[in-house]
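Heads up, the sequence shown is in the UniProt record's numbering, so the first residue is 1 and it goes up one at a time. We put the beta carbon where it would ideally sit given N, CA and C, even for glycine. Note that this is a predicted model, so its numbers are computed, not measured. For reference, the structure is listed below as C-alpha coordinates.
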Amino acid sequence: MKNIEDSITTAPRTGVLADFFEKTALGELGEPNNTYLSDINLFKNDEKILSFYLNHRKLQGQFDKHFYSSIPFILEEECRVGSALKDYLEKRDGTQYLYVLGAAEGIMARTIGNLSNGKIKTLSCSPTKANQDNFFRYGKPLHSKFILSPYNKITNSNIRELFPNFNGFDVIIEDTTFQMYKSR
1 MKNIEDSITT APRTGVLADF FEKTALGELG EPNNTYLSDI NLFKNDEKIL
51 SFYLNHRKLQ GQFDKHFYSS IPFILEEECR VGSALKDYLE KRDGTQYLYV
101 LGAAEGIMAR TIGNLSNGKI KTLSCSPTKA NQDNFFRYGK PLHSKFILSP
151 YNKITNSNIR ELFPNFNGFD VIIEDTTFQM YKSR
(Lines of atoms letter the chains of each structure in order from A; the text may use other names.)
(Lines give C-alpha, C1' and ligand atoms only; values in the text may rest on other atoms or scores of the structure.)
Protein backbone atom coordinates (compact mmCIF):
# COMPACT_ATOMS: atom_id res chain seq x y z
CA MET A 1 0.00 0.00 0.00
CA LYS A 2 2.87 2.37 0.77
CA ASN A 3 4.17 2.02 -2.82
CA ILE A 4 0.77 3.05 -4.17
CA GLU A 5 0.62 5.98 -1.75
CA ASP A 6 4.14 7.09 -2.72
CA SER A 7 3.31 6.76 -6.41
CA ILE A 8 0.22 8.95 -6.04
CA THR A 9 1.99 11.52 -3.89
CA THR A 10 4.88 11.92 -6.36
CA ALA A 11 2.74 11.73 -9.51
CA PRO A 12 2.79 14.58 -12.04
CA ARG A 13 -0.57 15.96 -10.81
CA THR A 14 0.84 16.83 -7.39
CA GLY A 15 4.44 17.17 -8.57
CA VAL A 16 5.77 18.65 -11.81
CA LEU A 17 2.31 19.67 -13.09
CA ALA A 18 1.04 21.22 -9.83
CA ASP A 19 2.10 24.72 -10.92
CA PHE A 20 0.36 24.29 -14.29
CA PHE A 21 -2.91 23.33 -12.58
CA GLU A 22 -2.65 26.20 -10.09
CA LYS A 23 -1.98 28.79 -12.83
CA THR A 24 -4.76 27.37 -15.01
CA ALA A 25 -7.23 27.51 -12.11
CA LEU A 26 -6.17 31.10 -11.46
CA GLY A 27 -6.84 31.98 -15.12
CA GLU A 28 -3.18 32.84 -15.71
CA LEU A 29 -2.51 29.99 -18.13
CA GLY A 30 -4.55 28.15 -20.74
CA GLU A 31 -7.38 30.66 -20.65
CA PRO A 32 -9.61 30.24 -23.70
CA ASN A 33 -10.19 33.15 -26.07
CA ASN A 34 -13.91 32.64 -25.61
CA THR A 35 -15.88 30.96 -22.85
CA TYR A 36 -17.37 27.78 -24.22
CA LEU A 37 -21.14 27.68 -23.91
CA SER A 38 -22.95 24.55 -24.92
CA ASP A 39 -25.41 24.63 -27.78
CA ILE A 40 -28.65 24.36 -25.80
CA ASN A 41 -30.26 22.69 -28.81
CA LEU A 42 -28.40 19.59 -27.65
CA PHE A 43 -30.63 19.62 -24.55
CA LYS A 44 -33.88 20.84 -26.10
CA ASN A 45 -35.64 17.50 -25.69
CA ASP A 46 -34.75 17.14 -22.01
CA GLU A 47 -35.81 19.92 -19.65
CA LYS A 48 -33.98 18.32 -16.72
CA ILE A 49 -30.62 18.39 -18.49
CA LEU A 50 -31.26 21.91 -19.76
CA SER A 51 -32.07 23.08 -16.23
CA PHE A 52 -28.93 21.36 -14.94
CA TYR A 53 -26.81 23.04 -17.61
CA LEU A 54 -28.25 26.51 -16.95
CA ASN A 55 -27.51 26.15 -13.22
CA HIS A 56 -24.12 24.55 -13.82
CA ARG A 57 -22.79 27.33 -16.04
CA LYS A 58 -23.51 29.95 -13.36
CA LEU A 59 -20.95 28.29 -11.08
CA GLN A 60 -18.04 27.76 -13.46
CA GLY A 61 -14.65 29.06 -12.45
CA GLN A 62 -11.38 29.59 -14.29
CA PHE A 63 -10.25 25.97 -14.50
CA ASP A 64 -13.55 24.74 -15.86
CA LYS A 65 -13.52 27.42 -18.55
CA HIS A 66 -10.19 25.97 -19.70
CA PHE A 67 -11.37 22.36 -19.30
CA TYR A 68 -14.63 22.72 -21.23
CA SER A 69 -12.94 24.66 -24.03
CA SER A 70 -10.19 22.03 -24.34
CA ILE A 71 -12.18 18.79 -24.55
CA PRO A 72 -15.03 18.62 -27.08
CA PHE A 73 -18.44 17.83 -25.56
CA ILE A 74 -17.10 17.25 -22.03
CA LEU A 75 -19.42 19.97 -20.70
CA GLU A 76 -22.43 18.31 -22.29
CA GLU A 77 -21.36 14.93 -20.92
CA GLU A 78 -20.92 16.39 -17.43
CA CYS A 79 -24.42 17.88 -17.56
CA ARG A 80 -25.96 14.60 -18.70
CA VAL A 81 -24.12 12.60 -16.04
CA GLY A 82 -24.87 15.18 -13.35
CA SER A 83 -28.55 15.30 -14.21
CA ALA A 84 -28.77 11.49 -14.22
CA LEU A 85 -26.99 11.24 -10.85
CA LYS A 86 -29.32 13.84 -9.37
CA ASP A 87 -32.40 11.99 -10.64
CA TYR A 88 -31.13 8.62 -9.43
CA LEU A 89 -30.18 9.82 -5.94
CA GLU A 90 -33.36 11.87 -5.44
CA LYS A 91 -35.45 8.72 -5.94
CA ARG A 92 -33.74 6.95 -3.05
CA ASP A 93 -34.90 7.18 0.56
CA GLY A 94 -33.18 9.52 2.97
CA THR A 95 -30.24 11.84 2.57
CA GLN A 96 -27.83 10.69 -0.12
CA TYR A 97 -24.07 11.25 -0.21
CA LEU A 98 -22.19 11.76 -3.48
CA TYR A 99 -18.42 12.00 -3.82
CA VAL A 100 -17.22 13.46 -7.12
CA LEU A 101 -13.58 12.50 -6.94
CA GLY A 102 -11.05 15.15 -7.87
CA ALA A 103 -13.34 17.22 -10.09
CA ALA A 104 -11.28 20.45 -10.02
CA GLU A 105 -13.71 23.15 -8.87
CA GLY A 106 -16.48 20.68 -8.03
CA ILE A 107 -19.09 22.39 -10.19
CA MET A 108 -21.05 19.26 -11.11
CA ALA A 109 -21.26 18.20 -7.46
CA ARG A 110 -22.18 21.70 -6.34
CA THR A 111 -24.92 21.91 -8.98
CA ILE A 112 -26.35 18.57 -7.82
CA GLY A 113 -26.32 19.72 -4.20
CA ASN A 114 -28.02 23.02 -5.08
CA LEU A 115 -30.72 21.50 -7.27
CA SER A 116 -31.53 18.74 -4.78
CA ASN A 117 -32.23 21.26 -2.00
CA GLY A 118 -30.26 19.20 0.50
CA LYS A 119 -31.54 15.73 -0.40
CA ILE A 120 -28.06 15.08 -1.81
CA LYS A 121 -24.91 16.08 0.08
CA THR A 122 -21.84 16.28 -2.14
CA LEU A 123 -18.10 16.24 -1.64
CA SER A 124 -15.42 17.40 -4.07
CA CYS A 125 -11.67 17.58 -3.66
CA SER A 126 -8.59 18.95 -5.37
CA PRO A 127 -5.00 19.55 -4.28
CA THR A 128 -5.12 22.93 -6.07
CA LYS A 129 -5.82 25.94 -3.84
CA ALA A 130 -7.23 28.00 -6.73
CA ASN A 131 -9.82 25.25 -7.37
CA GLN A 132 -10.94 25.59 -3.75
CA ASP A 133 -11.17 29.36 -4.19
CA ASN A 134 -13.25 28.88 -7.35
CA PHE A 135 -15.53 26.42 -5.52
CA PHE A 136 -16.34 29.15 -2.98
CA ARG A 137 -16.36 31.99 -5.54
CA TYR A 138 -20.17 32.21 -5.49
CA GLY A 139 -20.54 31.74 -1.74
CA LYS A 140 -20.50 28.83 0.66
CA PRO A 141 -22.91 26.16 -0.61
CA LEU A 142 -25.28 24.64 1.90
CA HIS A 143 -25.19 21.07 0.61
CA SER A 144 -21.78 20.70 -1.01
CA LYS A 145 -18.36 20.52 0.60
CA PHE A 146 -14.81 20.77 -0.67
CA ILE A 147 -11.58 19.36 0.73
CA LEU A 148 -8.28 20.87 -0.40
CA SER A 149 -6.40 17.61 -0.83
CA PRO A 150 -5.56 14.92 -3.35
CA TYR A 151 -8.15 12.16 -3.18
CA ASN A 152 -5.80 9.66 -1.53
CA LYS A 153 -5.31 11.84 1.56
CA ILE A 154 -9.00 12.13 2.46
CA THR A 155 -10.10 10.12 5.48
CA ASN A 156 -13.41 9.24 7.10
CA SER A 157 -12.45 11.64 9.87
CA ASN A 158 -12.14 14.52 7.34
CA ILE A 159 -15.51 13.64 5.87
CA ARG A 160 -17.29 13.35 9.23
CA GLU A 161 -16.09 16.85 10.15
CA LEU A 162 -18.06 18.11 7.14
CA PHE A 163 -21.01 15.71 7.33
CA PRO A 164 -21.64 14.68 10.98
CA ASN A 165 -24.25 12.03 10.01
CA PHE A 166 -22.08 10.52 7.29
CA ASN A 167 -22.15 6.73 7.10
CA GLY A 168 -20.66 6.13 3.66
CA PHE A 169 -21.16 7.40 0.13
CA ASP A 170 -24.11 6.24 -1.92
CA VAL A 171 -22.25 7.03 -5.15
CA ILE A 172 -18.59 7.75 -5.86
CA ILE A 173 -17.74 8.95 -9.36
CA GLU A 174 -14.37 9.61 -10.94
CA ASP A 175 -14.03 11.29 -14.30
CA THR A 176 -10.59 12.52 -15.30
CA THR A 177 -8.59 12.11 -12.11
CA PHE A 178 -6.77 8.80 -12.06
CA GLN A 179 -4.67 9.33 -15.18
CA MET A 180 -3.32 12.52 -13.58
CA TYR A 181 -1.91 10.53 -10.66
CA LYS A 182 -0.17 7.79 -12.61
CA SER A 183 3.57 8.24 -12.22
CA ARG A 184 4.59 6.37 -15.37
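Is residue i close to chain C? Criterion is C-beta to C-beta, closer than 7 Å.
i: T95; result: Of the protein chains in the structure, only one exists, and it is not chain C.
Quick one: grab the DSSP three-state call for residue i.
i: F43; result: helix
i: L50; result: helix
i: E174; result: strand
i: Y88; result: helix
i: Q62; result: helix
i: G168; result: coil
i: I74; result: helix
i: K119; result: coil
i: T35; result: coil
i: F20; result: helix
i: G113; result: helix
i: residue 193; result: The question about residue 193 has no answer here: the residues shown for the chain are numbered 1 through 184.
i: L162; result: helix
With DSSP as the reference, please indicate the residues paired to residue i in a beta bridge.
i: S124; result: V100, F146
Would you please state the rounded distance, in angstroms, between the beta carbons of residue i and residue j? I believe it to be under 8 Å.
i: K129; j: L148; result: 6 Å
i: S144; j: S124; result: 7 Å
i: G61; j: E90; result: Contact doesn't hold; Cβ gap of about 26 Å is too wide.
i: L98; j: I112; result: 6 Å
So which of the options has the shortest CA-CA distance to residue i?
i: I40; options: L50, E31, N34; result: L50
i: V171; options: K58, K48, G82, P150; result: G82
i: E22; options: A84, Q132, F136, G94; result: Q132
i: F73; options: F43, D87, L59, K86; result: F43
i: N117; options: D87, Y36, N134; result: D87
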